[in-house]
Structures are given as C-alpha cells and as structure tokens.
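Notes to accompany the following structure.
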Amino acid sequence: MYTQALNEKPPSDTAISAAKARPEDAAKLARFQAIIDAEEKIEPNDWMPDGYRRTLQRQISQHAHSEIIGMQPEGNWLTRAPSLKRKAALLAKIQDEAGHGHYLYSAAETLGISREQYYEQLLSGRAKYSSIFNYPTLTWADMGAVGWLVDGAAIMNQIPLCRCSYGPYARAMIRVCKEESFHQRQGFEIMLTLCRGTPAQKAMAQDALDRFWWPVLMMFGPSDKDSMHSADSAKWKIKRFSNDELREKFIDATVPQGKFLGLTFPDPHLTFNDTTGHWEHGPIDWSEFKRVLAGDGPCNRQRLRNRRTSEADGTWVREAALAYAEKRRQRLAAAKVAAE
Ligand code: BYC
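Below is the structure:
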C-alpha cells in the first residue's frame with residue numbers, strides 16, 4: 106500500500122545516537138509543529154522529530170500486532186460456530202483482522218523499520234499488543250461480547266485516529282474503521298439473539314459481559330494521570346482524545362445498548378450523573394492490567410506460543426514464494442534477451 110522505495114534508508118545506530126546528542130533543529134521543529142497545527146498530514150519522507158517517529162513506530166506496530174494476535178481468541182470458535190451463517194460471518198471478520206494487521210504493518214514500515222523487524226519484536230516478547238487478547242474465549246457468547254465490546258471499544262479509539270497527523274496511519278484507519286463497525290454489529294446481533302433465546306442462552310450472554318467488561322475498559326490504556334505518552338501524542342495530534350475521555354465515551358455509548366439487551370453490568374458503582382450527562386464507573390483494577398502487560402495474563406503465553414508456531418510453520422511458504430519470484434524473474438530476463 107505504501108511504497109517503500111520512497112523511503113530514506115533507516116538511520117544507523119550511530120546516526121541515531123548522534124541525532125540524540127544534538128538538539129533538534131529549532132526551525133525544523135517549528136515548521137513540523139506548524140504543519141500539525143494547520144491540520145495537514147506528515148508524510149513518510151517529511152522531516153519529523155525522533156520522538157514522533159518512535160511514538161508512531163511503537164503505536165502502529167502494537168496496533169498491527171493486536172490485530173494479528175486478536176485473530177486467535179475468535180479463531181478458537183471457528184469450528185464450533187452454531188450455524189453456517191455464523192461461521193461465514195466469523196471467518197470474514199477474522200480475515201478482515203489479518204487485513205488490518207497488514208495495512209498497519211505497511212504503514213509502520215514507512216517509518217523506517219521493516220515488517221520482519223516488527224515481527225521479531227513481537228515474537229521475542231519485546232513488543233506489546235492489546236491486553237484484551239490475553240483473555241480466553243470460553244463460550245460462543247464470547248464471540249458476541251468480543252464483537253460488541255472489543256470492536257466497539259476499538260472503533261471508539263480508532264475513529265479519532267482517522268484524523269491522526271501521520272498520513273499513512275490516518276488513511277489506513279479509514280478502511281479499518283469501516284470494517285470494525287460491521288464487526289461490532291455482528292457481535293451485538295449475536296448478543297441480541299442469545300438474550301432473546303432461552304434462559305440458558307441469556308445467562309451465557311450475561312456471563313460473557315461479566316468477564317469482558319472490565320478488561321474492555323482497560324483497553325483504553327492507563328488513566329490519564331498515569332499515561333506517559335499522552336502529552337506528546339496530543340501535542341503531535343496522534344491522539345485526539347485522552348484515554349479517560351475515550352473510556353467515558355465508550356461507557357456512555359455502551360450502557361444503553363446493554364440495557365436494551367436486558368443485561369446487567371458487573372459494576373455496582375455504575376451510575377448516571379444527571380449533572381454531567383455521563384455514566385460514572387467504579388474503580389478499575391489496574392493491578393490486573395499491569396499483570397497482563399507484564400506477560401502474566403490468562404493467555405499471554407499461549408498467544409505468543411501460537412504466533413511463534415505459525416511463523417515457523419509458514420517459513421516454507423515464504424521461501425517457496427521467494428524462490429518462485431526469483432525463477433520467474435530469471436525466466437522473464439532470459440525471454441527478454443532471446444527477443445533482442
Ligand atoms: N494493552 O502512555 P499510554 C482491535 C501501554 S486491535 C497493552 O497511555 P499510549 C481488534 C502503552 O503501549 C485494538 N498495552 O500509551 C483486533 C504504553 O506502554 P509502552 C488495538 C497498553 O500509546 C482484533 C503504556 O501502556 N488498538 O481492535 O499513548 C479483533 C502506557 O500507556 C494498553 C490499538 O492499538 C493496552 N490496552 O496509549 C478485534 C489502537 N494501553 O508502549 C479487535 C492504537 C496502554 O510505552 N493505540 N498500553 O511500552 C492507541 O490508541 C494507544 O497506543 C493506546 C495507549 C490508547 C492503546
């Protein structure tokens with residue numbers, strides 16, 4: 106999607122240390138910030154401060170990893186979907202997520218790190234991916250909860266990213282958001298069907314909400330006071346809303362949907378504040394969030410193990426594709442020589 110040939114060679118480590126040692130050129134910085142303040146896009150070959158580049162490399166690649174790892178909890182239910190229609194929709198959703206991962210890796214590559222290097226960061230356990238995908242999907246209702254809540258949270262976070270200052274990321278997000286909104290609807294529709302079904306089906310939907318609600322709220326990241334990257338990201342118009350603002354918007358949008366389903370949120374403190382017009386929630390267990398980020402969530406090890414196995418199992422496919430491309434190149438070159 107983005108032409109790598111346009112990119113400058115990534116700087117060597119020595120060049121990076123030299124750049125760190127000298128203060129950024131004040132005039133360049135001022136011009137860069139003026140472009141951002143004028144709501145214009147920064148493009149891959151434009152000058153950008155190291156911090157802006159690093160923030161985007163980190164965020165976009167984490168986002169890509171989340172899409173790819175996020176295929177696993179749903180893949181778990183593909184062979185057990187309750188009907189052909191449900192299976193087809195779930196399969197399409199999972200394939201969309203693979204596509205999102207690829208757009209995002211392409212966008213991240215424009216920042217001077219190759220896709221293979223990003224993969225390596227993920228497989229070695231150095232890169233983060235969204236905490237939510239370290240929770241198990243225990244019942245079919247979890248497919249409803251993931252679509253309704255996880256994709257619902259993803260849309261809330263990603264719609265503002267369509268206006269992110271970095272062109273390739275913003276453009277990738279437009280298509281991703283369109284597809285996420287179909288995902289959210291298919292999830293809600295699964296929940297609606299279960300909630301209108303037998304008491305056992307409704308109980309299954311309630312159980313899925315009980316297990317996913319708090320981890321979904323954590324998807325938006327630490328509270329604003331603990332969010333170390335937010336100030337820079339807001340200044341650079343990567344983030345348009347803070348973590349807490351997006352969490353609040355999500356709760357405001359989702360609580361009426363849950364009430365429509367006839368479900369109860371697992372938060373005794375959840376109350377509507379008539380003065381502010383917002384729902385207020387109880388305390389989030391940030392120790393759980395930290396545990397999951399540190400690699401000790403219910404499924405962290407399994408998710409990475411599966412990813413590493415897939416990468417190893419796919420080696421022969423990549424090698425075969427490269428060998429075929431090389432043979433084809435040689436055949437075409439030979440045919441050209443023969444024709445001359
Ligand atoms: N999980 O300073 P903060 C999807 C980390 S895919 C893990 O607030 P920032 C889907 C954060 O990285 C959804 N880590 O950071 C796919 C940082 O650590 P590092 C994925 C988290 O970046 C398949 C530290 O905590 N969406 O929807 O300003 C199926 C401090 O945080 C999390 C995206 O990736 C977390 N939840 O803000 C279905 C969206 N939260 O990196 C659905 C793009 C925070 O310094 N990303 N951390 O080691 C963003 O918008 C921002 O990166 C975040 C965090 C709001 C997530």
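Numbering (this note's numbering), first residue to last: 106 to 445.
Where is the CB? At the ideal position from N, CA and C, for every residue including glycine.
Ranked by Cα distance from Gly-257, the options Ala-131, Asn-150, Glu-385, Ile-356 are led by Ile-356. By the beta-carbon neighbour count (other beta carbons within 10 angstroms, threshold 16), Ala-430 is exposed. Short note on Pro-241: C-beta not closer than 7 Å to any heavy atom of the ligand BYC.
Taken through DSSP and simplified to helix, strand or coil, Ile-147 comes out as strand. Ranked by Cα distance from Pro-241, the first of Glu-445, Ser-332, Glu-179 is Glu-179.
For Ser-219, the distance from the CB to the nearest heavy atom of the ligand BYC is not below 7 Å. In this structure, the ligand BYC has no non-hydrogen atom nearer than 7 Å to the beta-carbon of Ser-166. Minimum Cα-Cα distance from His-386 among the listed residues Ser-188, Gln-222, Pro-373, Leu-183 corresponds to Pro-373. With a threshold of 7 Å, the Cβ atom of Glu-172 counts as near the ligand BYC, since some heavy atom of the ligand is closer than that. Phe-377 sits in a strand when the DSSP states are folded into three classes. If the five residues before and after Glu-202 are omitted, its C-beta is found closer than 6 Å to the C-beta atoms of Glu-172, Gly-175, Met-176, all from its own chain and listed in chain order.
Under the three-state reduction of DSSP, Trp-384 is assigned to strand.
As computed with DSSP, Tyr-271 is found in a beta bridge with Ile-147. The region 252-272 makes no contact with the region 220-229: fewer than 3 CB pairs, one atom from each, lie closer than 8 Å. Between His-383 and Val-281, the CB-CB gap reaches or exceeds 8 Å. Annotation for His-205: the continuous alpha helix (DSSP H) segment containing it runs 189-214.
In terms of side-chain proximity, the C-beta atom of Ser-286 is found no nearer than 7 Å to any non-hydrogen atom of the ligand BYC. With a beta-carbon spacing of about 37 Å, Ser-188 and Ala-232 fall beyond the 8 Å limit used to define contacts. As for any alpha helix (DSSP H) of minimum length 4 sitting wholly inside the region 234-287, the runs are 246-250, 257-263, ordered along the chain. Taking 8 Å as the upper bound for CB-CB distance, Val-321 and Ile-237 are in contact here, some 6 Å apart. Taken atom to atom, the span from the alpha-carbon of Phe-293 to that of Leu-299 is near 10 Å.
Its Cα nearest to that of Ala-313, the residue Val-251 stands out among Arg-276, Lys-342, Thr-376, Val-251. A buried status is given to Thr-160, since no fewer than 16 other beta-carbon atoms sit within 10 Å of its beta-carbon. In the DSSP assignment, Met-176 falls within the alpha helix (DSSP H) that extends over 176-180.
Counting along the chain, Gly-363 sits inside the alpha helix (DSSP H) bounded by residues 348-366.
At the C-beta level, Trp-319 and Asp-390 come within 8 Å of one another. Its chain contains Lys-192, Leu-195, Leu-196, Ile-199 as the residues whose beta carbon lies nearer than 8 Å to that of Leu-183, once the 5 sequence neighbours on both sides are disregarded; these appear in chain order. One Cα belongs to Val-255, the other to Asn-239, and the distance between them is close to 12 Å. Taking the Cα of Glu-416 as reference, the smallest distance to any Cα among Glu-214, Lys-340, Val-397, Ser-229 is reached at Ser-229. At a threshold of 7 Å, Ser-270 does not count as near the ligand BYC, since its beta carbon sits no closer than that to any of the ligand's heavy atoms.
The beta carbon of Phe-370 sits closer than 8 Å to the beta carbons of Leu-314, Trp-318, Val-360, Gly-363 from its chain, once the five residues preceding and following it are set aside; these are given in chain order. Taking 8 Å as the cut-off, the beta carbon of His-170 is found closer than this to the beta carbon of Leu-227. The criterion of a C-beta distance shorter than 8 Å is satisfied by Asp-329 and Ser-347.
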